[in-house]
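Protein chains in written order, with the working numbering: chain G, 8 to 427; chain Y, 199 to 475. C-beta: ideal position from N, C-alpha, C; glycine also. In this text, all values refer to a predicted model and were calculated from it rather than measured experimentally. Just below is one structure, and these are the notes that go with it.
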Ligand SMILES: NC(=O)c1ccc[n+]([C@@H]2O[C@H](COP(=O)([O-])OP(=O)(O)OC[C@H]3O[C@@H](n4cnc5c(N)ncnc54)[C@H](O)[C@@H]3O)[C@@H](O)[C@H]2O)c1
């Protein structure tokens, strides 16, 4: 891809985001989108210190490099092999650190990006805020609900931006889906069935010098809530967003069902989130069957949206029998034609397999767009509106789900949360 | 016929879609009466919620005895009894135990020598259409086509343009191909098939040969035309589950109205469309 091609595809992408976010009600439902697609004023690039250069961290670095307003100015990781890979994406003289506090003390950055294991997010975020830096931290927010709240509270106390990585909020397909849902195309949404099903252990090979707890932190309960914080957060964010509200309670069940390899996080979960007026989100995640993959089936009385597939479907009413409709038309026209009819009894309740319509707009890296938004927020001192509440509620929903599973009972949505 | 006015009703009943097409009639009353007739048959025969049929099943499943008050249910039992005899036991909504039943016509009492339950299934659709036809005739309708799930069809009177109704049964797998074409007037058609979209219904009961309890899975479609829907249903079911000898006897009695099409040719091969001999 040449620079011109890139500029062009960026422009098309931004146009699509703008188009998608321009619908009725969209400024309330996705206030960040239009803002993120605005032109970026020229000026100094925001110097970013990246903490955590693992899989996600390196993806983030590449996306930061694509932005028009950010630059990677420092790297921090405790694991040298990851750092070595990350250095390939930044100028050779970029300072590197093994302790994030040292990076903060060096004061050669304007903001911090965090992509470390979940249990470290709160400490590192709060350290960076205390040092006076705005923070972009990957989802999920933190290992406990109390820590999620503490992060928001501290950002407010310090008057610093806190933004959490939830890239679907900037995805033009999702934005377009939301716009069409808001326009009433699928009727009132009463149920979302979401799943993230994979068929692999989720266990990473430990490289020389690595340890099980560091490399496979996702499989250790004290570091991560496993499927709930690593996968479900994304989809619970989407669910809250399309439901236009928050759950009232959650019930769930989980097990270590297939991968009995010493992990202590569930490899299978099933939950029901209740929303107002009896609406529900039904969530499942598992690690030994991938047929149903990752999807949110957003269901209203007039249709269904499947944003991962990028499709919208109208409800199929038990239609007129085509052969009989033709017969009527023939009779009206004075034609007597053979009526082809008959077979195994027509049955209305098989899954409908109509192809639906495309929601349009192929892949493009919305992660980049999150960073341009973050960069502008840092420059202007004004947060991108709406994002933090989305992220906070998604993390709370995933952690509350974990608690409901652990305790084996339905849990009400907490009343002591930070308000927005 | 010059008056092409037509009225139509589309609704779901008996677990499927029903369409009633009336010609030469723009009075809504006959349509409403026909629909009501179908819904009352459904109410009497359904086993999907409490009904006269489930009450009877409760009694018969403990080899008991019951008085059948419901007029539609009792009439259905008498018809089934006649059709069970006519098909040599191949049509049997009790899956092989009908011989254990005794029906006392005067006292409307039914008793069984062994526990059994009844599932009127396809018969119910044909029987419901019969009642709809009766209602339409009583109200002077002269031309109509009724369909219940496209597996049960009844035609009343002549086609609106004169003569019989030309109907063709499509091949369940070969799009555009027909198994058979029939011209019918004041008659009913029933199609039973072990393949096709509707055959994939998740909780569809298996086709069982009542005479020996065998489950019939051979890919085939049976087509039967008869004076009533009830008879057409009984015959298409019997043709589908019959062994070759019994099937031949049934077919020989009305070779131009009873057909069995096997679909057993290897996948991709041109399938035989001839009825079995
Ligand atoms: N938004 C998304 O789609 C998405 C996708 C993947 C991961 N993530 C998130 O990104 C985060 C990281 O996930 P990952 O897959 O990159 O994990 P990873 O294990 O590959 O990377 C984590 C990195 O943090 C480093 N690290 C550990 N302790 C540290 C410390 N004290 N100081 C500095 N660095 C330290 C590790 O050495 C490792 O390089 C998680 O929060 C995860 O949920 C988000």
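Coil, strand or helix - residue i by DSSP
i	result
residue 364 of chain G	strand
residue 302 of chain G	strand
residue 442 of chain Y	helix
residue 257 of chain G	strand
residue 140 of chain G	coil
residue 455 of chain Y	coil
residue 230 of chain Y	helix
residue 39 of chain G	helix
residue 426 of chain G	coil
residue 205 of chain G	coil
residue 407 of chain Y	coil
residue 277 of chain G	strand
residue 322 of chain G	coil
residue 358 of chain Y	coil
CB contact flag (residue i, residue j, <9 Å)
i	j	result
residue 212 of chain Y	residue 322 of chain Y	yes
residue 347 of chain Y	residue 447 of chain Y	no
residue 375 of chain G	residue 70 of chain G	yes
residue 422 of chain Y	residue 387 of chain Y	yes
residue 320 of chain G	residue 364 of chain G	yes
residue 43 of chain G	residue 383 of chain G	yes
residue 394 of chain Y	residue 364 of chain Y	no
residue 354 of chain G	residue 141 of chain G	no
residue 458 of chain Y	residue 419 of chain Y	yes
residue 103 of chain G	residue 68 of chain G	no
residue 93 of chain G	residue 54 of chain G	no
residue 339 of chain Y	residue 327 of chain Y	no
residue 291 of chain Y	residue 316 of chain Y	yes
residue 232 of chain G	residue 147 of chain G	yes
residue 324 of chain Y	residue 431 of chain Y	yes
Nearest-angstrom Cα separation, counted from residue j out to residue i
i	j	result
residue 341 of chain Y	residue 25 of chain G	59 Å
residue 468 of chain Y	residue 271 of chain Y	Residue placement at residue 468 of chain Y is poorly supported in this model, since its pLDDT is 42, which falls under 50; the coordinates still yield a value, given next. Whole-angstrom Cα-Cα distance: 45 Å.
residue 254 of chain G	residue 280 of chain G	6 Å
residue 282 of chain Y	residue 275 of chain Y	10 Å
residue 218 of chain Y	residue 197 of chain G	34 Å
residue 269 of chain G	residue 410 of chain G	21 Å
residue 22 of chain G	residue 57 of chain G	29 Å
residue 130 of chain G	residue 16 of chain G	38 Å
residue 205 of chain G	residue 275 of chain G	10 Å
residue 437 of chain G	residue 36 of chain G	No information on residue 437 of chain G is available, as it lies outside the stretch 8 to 427 that chain G covers here.
residue 289 of chain Y	residue 417 of chain Y	19 Å
residue 273 of chain G	residue 249 of chain Y	46 Å
residue 298 of chain G	residue 203 of chain G	10 Å
residue 208 of chain Y	residue 345 of chain G	21 Å
residue 423 of chain G	residue 168 of chain G	22 Å
residue 465 of chain Y	residue 372 of chain Y	Reliability of the predicted coordinates at residue 465 of chain Y is poor, the pLDDT of 43 falling under 50, and no value is obtained from them.
residue 236 of chain Y	residue 230 of chain Y	10 Å
residue 215 of chain G	residue 361 of chain G	50 Å
residue 2 of chain G	residue 391 of chain G	Because chain G in this structure spans residues 8 to 427, residue 2 of chain G falls outside the shown range and cannot be described.
residue 247 of chain Y	residue 248 of chain G	40 Å
residue 316 of chain G	residue 33 of chain G	22 Å
residue 437 of chain Y	residue 460 of chain Y	11 Å
residue 425 of chain G	residue 155 of chain G	9 Å
residue 8 of chain G	residue 212 of chain G	Here residue 8 of chain G scores only 48 on pLDDT, less than 50, and its place in the model is too uncertain to base an answer on.
residue 278 of chain Y	residue 220 of chain Y	29 Å
residue 246 of chain G	residue 265 of chain G	27 Å
Residue i Cβ short of 8 Å to ligand 1 heavy atom set
i	result
residue 237 of chain G	yes
residue 406 of chain G	no
residue 205 of chain G	no
residue 146 of chain G	yes
residue 397 of chain G	no
residue 84 of chain G	yes
residue 188 of chain G	no
residue 124 of chain G	yes
residue 106 of chain G	yes
residue 247 of chain Y	no
Listed by chain order, chain B residues near residue i by CB distance under 8 Å
i	result
residue 364 of chain Y	Checking the listed chains, one finds no chain B in this structure; the protein chains it contains are G and Y.
Beta-bridge pairing of residue i - partner residues as DSSP gives them
i	result
residue 297 of chain Y	Per DSSP, none; premise fails for residue 297 of chain Y.
residue 378 of chain Y	Y/367
residue 393 of chain Y	Residue 393 of chain Y pairs with nothing; no bridge assigned.
residue 77 of chain G	G/53
beta-carbon residue i near ligand 3 non-hydrogen atom, thresh 8 Å
i	result
residue 63 of chain G	The ligand content of the structure shown is limited to ligand 1, which means ligand 3 is not among them.
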